[in-house]
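Plus 13 on top of the position in the sequence shown (first one is 1) and you've got our numbering.
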Amino acid sequence: MKIKLTNVYVDHQEKALRFYTEVLGFTKKADFTNGPFRWLTVISPDEPNGTELQLAANDNPAAKAYQQAIFQQRQPAVNFYTDNVRGDYERIKARGAEFAMPPTEVTGSTIAQLNDTCGNLIQITQLAHW
């Protein structure tokens, strides 16, 4: 088995697409509409055949409640890994992102958290090398 797709609920798909591509640097992979449904995914430009992240509309009341609850609890909706959290922090901050937590050393890693402007906290993690 492989993980090929995961999702994050967003309050506005077009705004999310701009943020995840222009600010974070991901690449749009799929974008098509079927009636009111829009299937929208992004990928890492370093892994064009890697795991896709679906930017899913939170138009379902349960999805919206879940998204709002984890945001209010300051829990990240998604976690990305990097080899240079401080460099990514500077790059992303220069593109206008609002960080809730600058790079912070915790047990086994350095993490930073930012607001994706679409209702979510994102965590960026650099694992410590032992």
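Beta carbons are placed, not taken as given, at the ideal position from N, Cα and C, and that holds for glycine.
- Would you check if the stretch 17 to 33 and the stretch 115 to 124 touch, i.e. whether three or more CB-CB distances between them fall below 8 Å? The count of Cβ pairs closer than 8 Å, one atom from the stretch 115 to 124 and one from the stretch 17 to 33, stays below three, leaving the stretches out of contact.
- Item | Alpha-carbon to alpha-carbon, Lys28 and Thr123 | Taking the straight line from one Cα to the other gives about 28 Å.
- Delimiting residues of the alpha helix (DSSP H) encompassing Lys28: According to the DSSP assignment, Lys28 belongs to the alpha helix (DSSP H) that extends over 26 to 31.
- Query: With distances taken between CB atoms, is the gap from Ala43 to Glu65 smaller than 9 Å?
  - Reply: When the beta-carbon positions are compared, Ala43 and Glu65 come within less than 9 Å of each other.
- Indicate the three-state DSSP secondary structure (helix, strand or coil) for Phe39 in the structure shown. The answer is coil: DSSP assigns Phe39 none of H, G, I, E or B.
- Enclosing alpha helix (DSSP H) for Arg99 [first to last residue]: Where Arg99 is concerned, the enclosing alpha helix (DSSP H) stretches over 98 to 107.
- Which class does Thr179 belong to by DSSP, given the choice of helix, strand or coil? This structure does not reach residue 179, given that the chain is present from 14 up to 143, and the question cannot be answered.
- Using the beta-carbon count (16 or more within 10 Å), is Ile135 buried or exposed? Buried is the call here.
- Task: Would you identify the three-state DSSP class for Ile137, choosing helix, strand or coil?
- Result: Shown here, Ile137 sits in a strand according to DSSP, grouped into three states.
- Indicate the three-state DSSP secondary structure (helix, strand or coil) for Thr34 in the structure shown. Helix.
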